[in-house]
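Chain order of the listed sequences is F and W. Numbering follows full-length UniProt numbering, with no gaps: position 62 of the first sequence is 62. Numbering follows full-length UniProt numbering, with no gaps: position 369 of the second sequence is 369. Below is one structure, written out as C-alpha cells; the observations come after it.
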Amino acid sequence: MMKEPIKPFATGHEELIHNVAYDFYGKQLATCSSDQHIKVFDLDPLTSTWVLNDSWKAHDSSVVKVVFASPEFGHILASISFDRTIKIWEEDFDEQNGSGRRWKKMATISDSYGPLYDISFAPSHLGLRIGTIGNDGILRVYDAIEPSDIRHWTLTNEINVLSSPPAPQLQSDFSLSWCPSRFSSEKLVVCALDQGFIYQKNKNDKFVLATQLPEHNGLIRSVSWAPSMGRYYQLIATGCKDGLVRIFKLTETIGNKSVPNDDQMDTSRDEDIEGTGSALNARNDHNNNNNNIGSGADNSLNHIHVELLSSHDDHKGEVWKVKWNLTGSILSSAGDDAKIRLWKATYSNKFQCMSVISAQQK
Amino acid sequence: MAILEEEESVTMDQGGIELDPVSNVPIKRLIDAPIPVGGVDNWLKTGRDLKFELNPVDNSGIAYISSNPNVDKSKKCFPEESKLYPFQLTDSMNDNSDEFFNFLKNCFKNFEELIKNKDYHNFLGQNKEVQFGVIIEEDIETKNARLEERQLILNGIMSRLSSDLDNLINQKSLKIEEQQDSEASHNLAQLVDIMHITNLIHAIYFSKPSEKIGLLTIWINKIEIEPSVEVLKEIMSFEKPYKNPLLWNYYIKKLVSRGLFQQAINTLKESKFEELEQNENDLFLVIEDLISILNSYQTQFGTENFEFIEWKQKCCEFRDNFVNVKVKETENLVIKDNIHELLVIMTGLQSAIIKNSTSWYECFVTKYLFELPSETLISQYLYTSLENFPINETVSDTWSQCCLDLIKGNYLNLIRKIENLDKSIVAYLSILLEAKGLYGDYDFILSMQEEFDNLGLNEAKESQTISELLLNDHALECLCHRDLTPVGIGILMCLNSAKSRLIISQYLPHYECKTNDDLEWCMSICAKLSLGSTASSVLKVNASKLFTQGNLFESLVLFAKSGDLKVLKDKCWLILENSLVKNASVKDDLINSLILSDKKFQDIDFPANLRQCLAPYALFLLFLQKKNKKIIKRENQDYYNKSLVSQEDFIKIIELIENFEDNFVDLIKQFKKKNPVNLTQKEKNLIIQFDDCQSLYEFAVCDETLSKISNSEKDWRLILLETLNDQHKKFPETLEELILLYRKCINRELSYAFLQQK
Numbered sequence: 001m002m003k004e005p006i007k008p009f010a011t012g013h014e015e016l017i018h019n020v021a022y023d024f025y026g027k028q029l030a031t032c033s034s035d036q037h038i039k040v041f042d043l044d045p046l047t048s049t050w051v052l053n054d055s056w057k058a059h060d061s062s063v064v065k066v067v068f069a070s071p072e073f074g075h076i077l078a079s080i081s082f083d084r085t086i087k088i089w090e091e092d093f094d095e096q097n098g099s100g101r102r103w104k105k106m107a108t109i110s111d112s113y114g115p116l117y118d119i120s121f122a123p124s125h126l127g128l129r130i131g132t133i134g135n136d137g138i139l140r141v142y143d144a145i146e147p148s149d150i151r152h153w154t155l156t157n158e159i160n161v162l163s164s165p166p167a168p169q170l171q172s173d174f175s176l177s178w179c180p181s182r183f184s185s186e187k188l189v190v191c192a193l194d195q196g197f198i199y200q201k202n203k204n205d206k207f208v209l210a211t212q213l214p215e216h217n218g219l220i221r222s223v224s225w226a227p228s229m230g231r232y233y234q235l236i237a238t239g240c241k242d243g244l245v246r247i248f249k250l251t252e253t254i255g256n257k258s259v260p261n262d263d264q265m266d267t268s269r270d271e272d273i274e275g276t277g278s279a280l281n282a283r284n285d286h287n288n289n290n291n292n293i294g295s296g297a298d299n300s301l302n303h304i305h306v307e308l309l310s311s312h313d314d315h316k317g318e319v320w321k322v323k324w325n326l327t328g329s330i331l332s333s334a335g336d337d338a339k340i341r342l343w344k345a346t347y348s349n350k351f352q353c354m355s356v357i358s359a360q361q362k
Numbered sequence: 001m002a003i004l005e006e007e008e009s010v011t012m013d014q015g016g017i018e019l020d021p022v023s024n025v026p027i028k029r030l031i032d033a034p035i036p037v038g039g040v041d042n043w044l045k046t047g048r049d050l051k052f053e054l055n056p057v058d059n060s061g062i063a064y065i066s067s068n069p070n071v072d073k074s075k076k077c078f079p080e081e082s083k084l085y086p087f088q089l090t091d092s093m094n095d096n097s098d099e100f101f102n103f104l105k106n107c108f109k110n111f112e113e114l115i116k117n118k119d120y121h122n123f124l125g126q127n128k129e130v131q132f133g134v135i136i137e138e139d140i141e142t143k144n145a146r147l148e149e150r151q152l153i154l155n156g157i158m159s160r161l162s163s164d165l166d167n168l169i170n171q172k173s174l175k176i177e178e179q180q181d182s183e184a185s186h187n188l189a190q191l192v193d194i195m196h197i198t199n200l201i202h203a204i205y206f207s208k209p210s211e212k213i214g215l216l217t218i219w220i221n222k223i224e225i226e227p228s229v230e231v232l233k234e235i236m237s238f239e240k241p242y243k244n245p246l247l248w249n250y251y252i253k254k255l256v257s258r259g260l261f262q263q264a265i266n267t268l269k270e271s272k273f274e275e276l277e278q279n280e281n282d283l284f285l286v287i288e289d290l291i292s293i294l295n296s297y298q299t300q301f302g303t304e305n306f307e308f309i310e311w312k313q314k315c316c317e318f319r320d321n322f323v324n325v326k327v328k329e330t331e332n333l334v335i336k337d338n339i340h341e342l343l344v345i346m347t348g349l350q351s352a353i354i355k356n357s358t359s360w361y362e363c364f365v366t367k368y369l370f371e372l373p374s375e376t377l378i379s380q381y382l383y384t385s386l387e388n389f390p391i392n393e394t395v396s397d398t399w400s401q402c403c404l405d406l407i408k409g410n411y412l413n414l415i416r417k418i419e420n421l422d423k424s425i426v427a428y429l430s431i432l433l434e435a436k437g438l439y440g441d442y443d444f445i446l447s448m449q450e451e452f453d454n455l456g457l458n459e460a461k462e463s464q465t466i467s468e469l470l471l472n473d474h475a476l477e478c479l480c481h482r483d484l485t486p487v488g489i490g491i492l493m494c495l496n497s498a499k500s501r502l503i504i505s506q507y508l509p510h511y512e513c514k515t516n517d518d519l520e521w522c523m524s525i526c527a528k529l530s531l532g533s534t535a536s537s538v539l540k541v542n543a544s545k546l547f548t549q550g551n552l553f554e555s556l557v558l559f560a561k562s563g564d565l566k567v568l569k570d571k572c573w574l575i576l577e578n579s580l581v582k583n584a585s586v587k588d589d590l591i592n593s594l595i596l597s598d599k600k601f602q603d604i605d606f607p608a609n610l611r612q613c614l615a616p617y618a619l620f621l622l623f624l625q626k627k628n629k630k631i632i633k634r635e636n637q638d639y640y641n642k643s644l645v646s647q648e649d650f651i652k653i654i655e656l657i658e659n660f661e662d663n664f665v666d667l668i669k670q671f672k673k674k675n676p677v678n679l680t681q682k683e684k685n686l687i688i689q690f691d692d693c694q695s696l697y698e699f700a701v702c703d704e705t706l707s708k709i710s711n712s713e714k715d716w717r718l719i720l721l722e723t724l725n726d727q728h729k730k731f732p733e734t735l736e737e738l739i740l741l742y743r744k745c746i747n748r749e750l751s752y753a754f755l756q757q758k
C-alpha cells in the first residue's frame with residue numbers, strides 16, 4: 001500500500017502562520033501566527049490526524065517562530081515574537097487538552113532591542129541552549145545552567161553580528177542554524193541581511209567569527225546546516241532573495257592554523273542592494289569587538305574552508321525556505337514559484353533537483 | 001522575477017506524468033492545493049510565500065502559506081491560508097509502497113554476506129591472497145576452485161536479485177491495472193528499465209557459459225514481445241495456417257532469431273503442415289527436419305563449443321542439401337524460400353542476420369545464438385550490431401544506453417544512468433560490478449585519508465569506493481523510513497567502517513523506541529559497536545519520554561542506566577519537590593509500591609544509584625503512609641540518622657506538612673464558596689483566621705510597611721527577599737503563594753543538603 005499523506009487541516013489561526021515545528025519524534029506539531037497565538041497539535045496514531053492539543057495567546061505581537069527542545073530536557077517549547085521576547089513553555093500533563101493552560105510559561109527573556117527573527121535550540125549534546133537573532137543584529141546565546149530548571153536562563157554569549165541595526169524602512173531578514181555534529185567543535189551559522197557568518201567557540205567558551213558564506217546578492221531568507229552523518233565535511237544551504245538556493249561545503253582543519261581575519265574574507269563586494277538592508281553597510285568591525293576575532297588569530301580554533309558546492313535558480317524567484325532532512329541527504333527548498341523542490345547529490349557530489357511538489361492546483 | 005505560468009509550461013512525459021518545465025522532473029501536487037491554476041502571480045502580489053517544515057523522523061512534511069511578519073496585516077487571511085498541507089517527499093526511493101520496501105528488504109538479505117566487512121571489494125581479485133615462496137600447481141588449482149566458488153556465489157546473488165525484481169514488477173503491474181495510477185506507472189517504467197539492464201548484466205557477467213543463451217533470450221524477450229500475439233492470431237485465423245505467408249516470412253524467423261525455439265516448434269506443429277505429405281512430400285520432410293534441428297538446439301550451448309559446432313555442421317548440411325528440394329505447387333515456393341532464408345540465419349550468416357533483424361539487440365542476440373555462443377565474442381557482436389543499427393543517444397531509452405555502456409565497459413556511465421533511475425538498486429548493482437572486479441583502476445574514487453588527517457579523525461582513515469558511497473547513501477535513505485530502518489542500520493553495521501559507526505551514533509538517538517524491544521535493539525547495536533555515549537543519549541531520550549508520560553519508575557531506571565547521575569538526581573528531586581508541594585505521593589503505583597515493599601527489589605531491575613537518589617522521596621512516602629510523626633520519628637530514625645538532614649530540620653518539615661496536609665488553602669476556598677448559613681462555627685472561624693492572616697500578610701509586605709524596615713534589621717521580609725530567586729525580587733502576592741514558596745524553599749534546602757552530603 002502506498003502511504004497516503006494526511007489531508008490538509010485547518011489550524012484555526014486567525015492570521016497567517018509564520019512557522020511550524022515538529023517535536024523530536026514528529027508526533028507533535030506547533031504553529032505560530034500573527035494572531036499572537038501558538039497552537040500545538042498531537043498526531044492521533046489511530047486516525048493519522050492532527051488533533052488540537054492546546055491553543056493560547058503567547059505574545060503581544062506576531063509570533064514568528066516556535067521550536068521544540070530535545071526530549072532529553074522535557075517537553076519544552078520556545079517561541080519568539082516581534083514583541084522582542086523569548087518565551088519558554090513546558091507541557092503540563094495534568095492540565096486538560098484545549099484548556100489554554102496545557103503549556104505553562106516557564107520563562108520570559110526580553111534582552112533584545114528589536115523584533116526577534118529566529119531562534120534555535122542547540123543540538124542536545126551541547127546542553128539546553130538556545131541561540132536567537134533579532135533586528136538589533138545581535139546574536140544571543142542562552143543556557144539553562146540547570147537543565148532541570150528551565151525557569152532560569154543565562155546569557156552566555158552576545159555578539160554584534162551587525163554594528164548597527166538596519167534602517168527600519170528597509171527590508172531585513174535574519175536566521176541561524178547550529179552545526180548538529182557532535183564530532184565537530186561547537187559552531188553555528190548566522191545570517192544577517194545578505195551575509196552569512198559562521199561562528200565557532202574558542203577555548204574561552206566564547207563564539208568568535210570563523211568565516212563567512214560568500215556570494216549572496218540579496219537578503220538571506222533561510223539557512224540550514226545539514227546533519228553530517230559520517231561525512232568528513234559539513235554542508236550548509238541558504239535560500240536567498242536573489243533567487244538562488246546555495247549549497248556550501250565546509251572543510252575543517254584542526255588547530256595550528258590561523259583563522260582567516262576580515263581582510264582574508266570576501267569584502268570585495270561593495271554594492272548595496274536596492275531597497276534592502278545590506279550587512280556590508282551595517283557589518284560590525286570585528287577587530288574592535290572583544291567577542292569576535294579580535295587579534296585575528298586563535299590557534300585553538302579550527303580553520304574552516306568554505307566552498308560553494310552548487311547554486312540553483314530553479315525557483316525563478318525568491319527562495320523562502322531551505323531545510324535538510326534527517327540524514328542530510330535531501331535538501332528541500334521553497335520559493336516564489338510556489339513549489340517545494342527536493343535536491344539530492346549524486347555519487348559525484350552534484351546536487352540535482354529530483355522532484356517537485358507544487359502548491360498550485362492542477 | 002517573472003514566474004513561469006505553469007498551465008502553459010507543464011510538460012508531460014511518455015507515461016503521462018507531469019514534468020516540471022525547469023528541472024524536468026516529476027511534479028506532485030499538494031492535496032487540495034491552495035493556489036488556483038495559473039494563480040501564482042496574483043498570489044505573490046498579496047505578499048504570501050510558501051514555506052514548509054520537514055518531519056524529523058521520516059520523509060514527510062507540512063507546507064503552509066506564510067508571509068513576512070512585516071507585511072501589511074490589514075490584508076485578510078482566508079481560512080485556506082491558515083491550513084497545513086501535509087506532503088510526502090519522494091526521495092531517492094522509487095516509491096514508498098510495501099512491495100518496494102519488501103523488495104529492498106530482500107535485497108539486503110541477499111547481499112548481507114557480501115557487504116559484511118566490505119567483502120565485495122575485490123571479491124574475485126587476484127590480489128586477494130598474497131602467496132609467498134614458490135607457487136605450485138596445487139596452489140593455483142585451489143585458488144581457481146575458490147575463485148569459481150566465489151563466482152558461483154555472485155551468480156546466485158545476481159540471480160536472486162533478478163528474480164526479486166521480476167516479482168516486484170509483476171506485483172506492481174497488477175496493482176497499477178487495478179488503480180490506474182500514473183505516478184506508479186512512471187515508477188514501474190523505471191523499474192522495467194532497470195530490469196532490462198539487470199538481465200543483461202546477469203547474462204554477461206554473472207552466469208555460467210551454459211546459462212548465457214537462456215539469459216540473453218530472457219533479456220531480449222522482456223524488452224519487447226516480438227512477434228506479437230496479434231500476428232499469431234492472424235496466422236491461426238487461416239483454416240490451414242501453414243498457407244499463411246506471414247508464418248514463413250516473418251513469424252517463425254522472428255521466433256528463431258530471438259531464441260524462442262519451443263514456440264517456433266509448437267507453431268509449426270499447429271500449422272497443419274502434415275497435409276503437405278500427400279502432395280509436397282519434399283517440403284513436408286524439410287519442415288519435419290526443420291522441427292528436428294530446432295529441437296536439437298540446446299540453450300546450454302556454450303560450455304563446450306564443439307557441441308554447438310556439431311549442431312551448426314548439421315544445419316549447414318541441411319542448408320546445402322536444400323537446393324535439391326522440389327516444390328510442385330508455386331504457392332508453396334514462399335515456404336521453401338523462407339525456410340532457406342531461415343536456415344541461412346541459423347548457420348550464422350551475418351548479412352542474413354542483419355537483414356532479418358529490426359534492432360541492434362535482436363541482431364546481437366541472433367549473432368550470439370548462431371555464429372558462435374562465446375563470451376569472448378560478445379563485444380565483437382555488439383559492434384557489428386551497432387554499426388548496422390546505430391543508437392541515437394539523445395532519443396534512445398535509458399536502458400538501451402545503459403546496455404551499451406555495459407557492453408562497452410563504461411561502468412561509471414552505466415552507474416550514473418542507473419542512479420538516475422533508482423538510487424537504491426544501483427547500490428546493489430554497483431556492489432556486484434565491484435565484486436566482479438569490473439571497476440578496475442577507478443574503484444577508489446575518493447581517498448579521504450588526507451581529509452581525515454586534517455580533521456584529526458585517525459580512526460576514520462579509509463578510502464571509499466563507488467559502491468560504498470552508493471551503499472551509504474542507500475542506508476541513509478533507509479533510515480528515513482521507519483520500516484526500512486533495520487535495513488539501513490544493517491547495511492551500516494555490515495560495512496563496519498568508522499563512517500558507518502559515526503552515522504549510526506548520530507542516528508540512533510532519533511529512532512523512536514515504541515516498545516521495549518525497540519530499545520533493546522538500539523542498545524544491542526550500541527553494544528556491538530561500542531557506542532557508549534550514543535547508548536547514554538538513547539537511554540536519556542527514552543527516559544525523558546517516559547518521564548513526561550508519567551511512567552516514572554521505568555524512566556528513572558533508564559536515567560540510572562544512562563550513567564548521567566546528575567540528571568537522575570534532578571529527576572528524583574523533582575519528584576520529591578512535586579510530592580512535597582502537592583503533599584501527596586506521585587502518581588506512579590510502581591515506584592510507590594517498590595519503595596514501600598522492599599522485598600520486590602530483588603525481582604526487579606532497581607539500580608543501586610537510583611535507590612540512593614530516591615531515598616529522600618522514600619522517606620517522604622513512608623511519612624505519608626504512617627501519618628504519625630511520632631511513629632515516623634521512631635521508625636525512621638535510620639533515615640535521618642544517615643545525615644540526610646538534621647533531626648531538627650526534619651521535624652520542621654514534618655510539622656509544615658502536617659499543618660497543611662489537608663490542603664488548608666483549598667479547604668478555605670471551598671468554605672468560602674458555600675452558603676455561610678451552612679457553615680459550622682469552626683469553619684467560619686477558620687475563614688476568619690485565614691482572612692486575618694491574608695490581611696496581615698498584605699499589610700506586612702505593602703510598600704508603606706516595607707519602607708519602615710531598617711536594612712540592618714533581621715526582618716523575615718528582608719531574608720525572604722534575599723532568598724527569592726525571581727528576577728524582579730517581588731513578594732508573593734497572596735498568602736497561598738507564600739506558603740507554596742516556603743515549601744519550595746524547604747525542598748531546595750533539603751535537596752542542597754542531600755547533594756552536599758553526596
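Backbone N, C-alpha and C define an ideal beta-carbon position, used for all residues, glycine too. If you're wondering where the values come from, they're calculated on a predicted model, not measured in any experiment.
Quiz prompt | Chain-ordered neighbours of residue 361 of chain W on chain F, where CB pairs are closer than 7 Å | solution = For the purposes of this step, residue 361 of chain W is taken as the residue at position 361 of the second sequence. Near residue 361 of chain W there are no residues of chain F at all, since even the closest Cβ is about 27 Å away, more than 7 Å.
Quiz item: Are there 16 or more other CB atoms within 10 angstroms of the CB of residue 60 of chain F, so buried, or fewer, so exposed?
Solution: On the first sequence, position 60 is the one that residue 60 of chain F refers to. With fewer than 16 Cβ atoms within 10 Å of its Cβ, residue 60 of chain F is classed as exposed.
Quiz item: Do we get a CB-CB distance below 7 Å when we pair residue 15 of chain F with the residues of chain W?
Solution: Taking the first sequence and counting its residues from 1, the one referred to as residue 15 of chain F is at position 15. By this cut-off, residue 15 of chain F is an interface position.
Quiz item: Is it right to say residue 235 of chain W is buried, meaning 16 or more other beta carbons lie within 10 angstroms of its own, or is it exposed?
Solution: Within the second sequence, the letter at position 235 stands for residue 235 of chain W. Residue 235 of chain W is buried by the Cβ-count criterion.
Quiz item: Can you tell which of F:238, F:328, F:67 and F:133 has its C-alpha closest to the C-alpha of residue 158 of chain F?
Solution: The residue you call residue 158 of chain F lines up with position 158 of the first sequence. It is F:133 whose Cα lies nearest to the Cα of residue 158 of chain F.
Quiz item: Going by Cα to Cα distance, which pick from W:494, W:691, W:475 and W:328 is closest to residue 101 of chain W?
Solution: Sequence index remark: in the second sequence, residue 101 of chain W carries index 101 (1-based). The residue with the shortest Cα to Cα distance from residue 101 of chain W is W:475.
Self-check item: Alpha-carbon to alpha-carbon, residue 572 of chain W and residue 555 of chain W
Solution: Here residue 555 of chain W is taken as the residue at index 555 of the second sequence, counted from 1. Here residue 572 of chain W is taken as the residue at index 572 of the second sequence, counted from 1. Their backbone Cα atoms lie some 11 Å apart in a straight line.
Self-check item: residue 33 of chain W: contacting residues in chain F (beta-carbon distance under 8 Å)
Solution: Residue mapping note: residue 33 of chain W aligns to position 33 of the second sequence, counting from 1. Ordered by position in chain F, the residues that pass the 8 Å Cβ test against residue 33 of chain W are 358, 359, 360, 361 and 362.
Self-check item: Separation of residue 417 of chain W from residue 325 of chain F, as counted between CA atoms
Solution: Position 325 of the first sequence, counted from the first residue, corresponds to residue 325 of chain F. Position 417 of the second sequence, counted from the first residue, corresponds to residue 417 of chain W. Using only the alpha carbons, I get a separation of about 24 Å.
Quiz item: To the nearest whole angstrom, what separates the beta carbons of residue 35 of chain W and residue 43 of chain W, a pair I think is in contact under 8 Å?
Solution: Numbered from its first residue, the second sequence carries residue 35 of chain W at position 35. Numbered from its first residue, the second sequence carries residue 43 of chain W at position 43. Between residue 43 of chain W and residue 35 of chain W the Cβ distance is about 5 Å, and since that is below 8 Å, they are a contact.
Self-check item: residue 168 of chain F - DSSP class collapsed to helix/strand/coil
Solution: Sequence index remark: in the first sequence, residue 168 of chain F carries index 168 (1-based). Reduced to three states, the DSSP call for residue 168 of chain F is coil.
Quiz item: Using Cβ-Cβ distances below 9 Å, what residues of the region 215-238 of chain F are close to chain W?
Solution: 221, 222, 227, 228, 229, 230, 231, 232 and 233
Quiz item: Cα separation between residue 147 of chain F and residue 72 of chain F?
Solution: Locating residue 147 of chain F in the first sequence gives position 147, where the first residue counts as 1. Locating residue 72 of chain F in the first sequence gives position 72, where the first residue counts as 1. Between residue 147 of chain F and residue 72 of chain F, the C-alpha separation is close to 9 Å.
Quiz item: Taking only beta-carbon atoms, is residue 204 of chain W less than 7 Å away from chain F?
Solution: By one-based count along the second sequence, residue 204 of chain W stands at place 204. No, residue 204 of chain W does not count as interfacial toward chain F.
Quiz prompt | Under 7 Å from the C-beta of residue 36 of chain W: neighbouring residues of chain F | solution = Residue 36 of chain W sits at position 36 when you count from the first residue of the second sequence. Within chain F, the residues near residue 36 of chain W are 361.
Practice problem: Return yes when the Cβ of residue 165 of chain F is within less than 7 Å of the Cβ of residue 114 of chain F, no when it is not. | Solution: Translated into positions along the first sequence, residue 114 of chain F becomes position 114. Translated into positions along the first sequence, residue 165 of chain F becomes position 165. Yes, Cβ-Cβ distance for residue 114 of chain F and residue 165 of chain F is below 7 Å.
Quiz item: Which residue from F:184, F:101 and F:154 puts its Cα closest to that of residue 123 of chain F?
Solution: For this step, residue 123 of chain F is matched to residue 123 along the first sequence. Measuring from the Cα of residue 123 of chain F, the nearest candidate turns out to be F:184.
Quiz item: Should residue 325 of chain F be flagged as near chain W, meaning a C-beta pair shorter than 7 Å?
Solution: Taking the first sequence and counting its residues from 1, one reaches residue 325 of chain F at position 325. It does: the Cβ of residue 325 of chain F has a partner Cβ on chain W nearer than 7 Å.
Exercise. Please report the residue range of the beta strand (DSSP E) in which residue 182 of chain F lies.
Key: Here the question's residue 182 of chain F lines up with position 182 in the first sequence. First-last for residue 182 of chain F: undefined, no H or E at that position.
Quiz item: Which residues, in order along the region 55-67 of chain W, keep a beta-carbon less than 8 Å from a beta-carbon of chain F?
Solution: 55, 56, 57, 58, 59, 60, 61, 62, 63, 64, 65, 66 and 67
Quiz item: In chain W, which residues lie with their C-beta within 7 Å of the C-beta of residue 334 of chain F?
Solution: Position 334 of the first sequence, counting from 1, holds the residue named residue 334 of chain F. Going along chain W in sequence order, the residues near residue 334 of chain F (Cβ under 7 Å) are 50, 51 and 52.
Quiz item: From W:217, W:159, W:731 and W:99, pick the residue whose C-alpha is nearest to that of residue 168 of chain W; which is it?
Solution: The residue given as residue 168 of chain W occupies position 168 in the second sequence. Ranking the options by Cα distance to residue 168 of chain W, first place goes to W:99.
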